[in-house]
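Number of protein chains: 2
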Amino acid sequence: MKTDIRTVRKKEIIEGFYELCKREGLENVSIAKIGKQLGMPPSLIMHYFSNKRLLVLGLIDHILHQYQLIYKPILLKFEKDSSLDPNLLVNRLFSREWNLLFDDGVFFSCYAFIFRDSTIRNEYKKLHLKLRGTLKIILDKDKNLSQKDTDLLAEKIFVVIEGAYYYLSMIEEPKEYQQKLNIFKNQVLELIQMKQETTK
Amino acid sequence: MKTDIRTVRKKEIIEGFYELCKREGLENVSIAKIGKQLGMPPSLIMHYFSNKRLLVLGLIDHILHQYQLIYKPILLKFEKDSSLDPNLLVNRLFSREWNLLFDDGVFFSCYAFIFRDSTIRNEYKKLHLKLRGTLKIILDKDKNLSQKDTDLLAEKIFVVIEGAYYYLSMIEEPKEYQQKLNIFKNQVLELIQMKQETTK
DNA sequence: TTGTTTATTGAATATTCATTCAATATAAAT
DNA sequence: ATTTATATTGAATGAATATTCAATAAACAA
């Protein structure tokens, strides 16, 4: 009753779509290809997603959900602790162990849609606001940061993380990658340990 | 002799391609559409770019060239001055006045290719290295930064700029945009004015 | 059990896609 | 002026595209 066929099948289709995007790139995936991948006629896909835009919207929903699914637990682990280990936090924030689960190419392909689709833009924005909000909660646990503007600090931290995500994607050589990564980790550490402006 | 027809026409095609991408999005532009836009048969386009990948490669070359064309003069103005005004530099680095000339949607659509095309990845990387290099030269002019690791500093500055570029693209409301922008500008200013590690 | 809704199929649609080709025009080289 | 190379055209290709439709099967409600 809860897991009615409609819900299951829609999920199945989106996941097939996502797998194909990983392998072939979003721009090369057609409804027919998704059908072949899943062993179902294209008309069945159209039965659940009445046009391609809805399918892409579904994909983006899936990606952002997954993005959050990976990021949130990393942050939430700190919610229990009363004290904050900045080094541990930074390592977690930059841990890219999820790379196996999460495809950056699909993420950025979908990101490019924000410039021409306001629905998608808002979904992306909502996610990023949520992540900043969670980080603020973590930072507030730290007594060293009490009475500091943790909203501001979360903003500054995440902009480095996102810049790093963008920039590091271009770097293949592991040694170079590690070296740049350390720079950005330090940059965030310095932000946390800096004498921060007080909340106004 | 210098501007032979071949060069002119190829440029014309790429620029038409770019205009269409701005309006309709990279994924919706076909060779036939470019032809219609320029009033030439698709076969002529194929005569100059023997397949679509080469056309996309040409577009990316064009975009990166334009990106650099906008950024470099902003930086080079400082090369003459013997002293450095950090506020002025930061304002220039974040000046988005070029938004009219440069389309962010096309930029990120093309960026997404780096994940599946190593040629494109390297072109993007080359550009970013060059920009960091130029910034380092600027920073080296500042006596306050003498004997500091300006390579490192340039890296830290640009990762904020790029994170900001990514993040601010989601924000429509001008007031909110301005407020976030100021945060990131300050963040870079603090980096410049911080006691920086010495060069090893 | 009957009726009704939903799921699934497979064939068909018109359109658009990248690409090819042969023919012609134009320019450059001799 | 004649040859040679390049530019340009327009028509044609088959494959792939998103989407529609009518028919059947399965699930569900009465």
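From first to last, the protein sequence lines are chains A and B. For the first sequence, the working numbering assigns the number 1 to the initial residue and increments by one for each residue that follows. For the second sequence, the working numbering assigns the number 1001 to the initial residue and increments by one for each residue that follows. Where is the CB? At the ideal position from N, CA and C, for every residue including glycine. None of these values were measured; they are calculated from a predicted model.
Along the segment 53-66 of chain A, none of the residues has a CB nearer than 9 angstroms to a CB of chain B. Between L1152/B and chain A, the shortest Cβ-Cβ separation is below 8 angstroms. The way I'd put it, the segment 1063-1079 of chain B doesn't touch the segment 143-159 of chain A; fewer than three beta-carbon pairs between them come closer than 8 angstroms.
Bounds of any alpha helix (DSSP H) do not take in A112/A, whose DSSP letter is neither H nor E. Note that the C-beta distance between I1161/B and F1094/B is below 8 angstroms. Between Y124/A and I114/A, the CB-CB gap stays under 8 angstroms.
Interface with chain B (8 angstroms Cβ-Cβ cutoff): D85/A is excluded.
Around the beta carbon of L76/A, a 10 Å sphere encloses fewer than 16 other beta carbons of the protein chains shown; the residue is thus reported as exposed. Excluding the 5 residues flanking it on each side, K1052/B has same chain C-beta neighbours closer than 8 angstroms at I1031, in chain order. Note that the C-beta distance between D1103/B and S1169/B is not below 8 angstroms. Ranked by how close their Cα comes to the Cα of C21/A, the residues S109/A, T134/A and H128/A have S109/A in first place.
Setting aside the 5 residues that flank it on each side, L84/A is surrounded in the same chain by K141 and D142, each with a C-beta closer than 6 angstroms to its C-beta; the list follows chain order. Taking 8 angstroms as the threshold, the shortest C-beta distance from V188/A to chain B does not fall below it. Of all residues in the segment 26-52 of chain A, the ones placed with a Cβ closer than 9 angstroms to any Cβ belonging to chain B are L26 and E27, in chain order. For F1184/B, the C-beta contacts it makes with chain A under 7 angstroms involve V159, in order along the chain. Cβ-Cβ distances below 8 angstroms link R6/A to Y48 in the same chain, with the five nearest sequence neighbours on each side left out; the list follows chain order. At a cut-off of 8 angstroms between beta-carbon atoms, G1133/B makes no contact with chain A. Considered as a whole, the segment 1102-1179 of chain B harbours 1104-1111, 1118-1141 and 1150-1168 as its complete alpha helix (DSSP H) runs of no fewer than 4 residues, in chain order. Within the model, the alpha-carbon separation for I1074/B versus R1092/B is close to 6 angstroms.
Here K148/A is buried, its C-beta having at least 16 other C-beta atoms within 10 Å. The shortest CA-to-CA distance from I1014/B to any of L1131/B, E1024/B, S1043/B and I1060/B is the one to I1060/B. Between Y1167/B and chain A, the shortest Cβ-Cβ separation is below 8 angstroms. Less than 8 angstroms separates the beta-carbon of Y1167/B from that of V159/A. In the displayed model, S1083/B falls within coil according to three-state DSSP, outside both helix and strand. DSSP, reduced to helix, strand and coil, places M1046/B within a helical segment of the structure shown.
In the displayed model, V1029/B falls within coil according to three-state DSSP, outside both helix and strand.
Pairing E1027/B with E27/A gives a Cβ-Cβ distance under 8 angstroms. When Cβ-Cβ separations below 8 angstroms define contact, F17/A makes no contact with chain B. D103, D104, G105, V106, F107, F108, S109, C110, Y111, A112, F113 and I114: these are the residues of the segment 100-114 of chain A whose beta carbon lies less than 9 angstroms from some beta carbon of chain B, given in chain order. Only buried fits V188/A, as 16 or more other CB atoms lie within 10 angstroms of its CB. For the options R121/A, G25/A and F78/A, the alpha carbon positioned closest to that of I1171/B is the one of R121/A. Classified as buried, V29/A has 16 or more neighbouring CB atoms from the shown chains inside 10 Å of its CB. For G1058/B, the three-state secondary structure derived from DSSP is helix.
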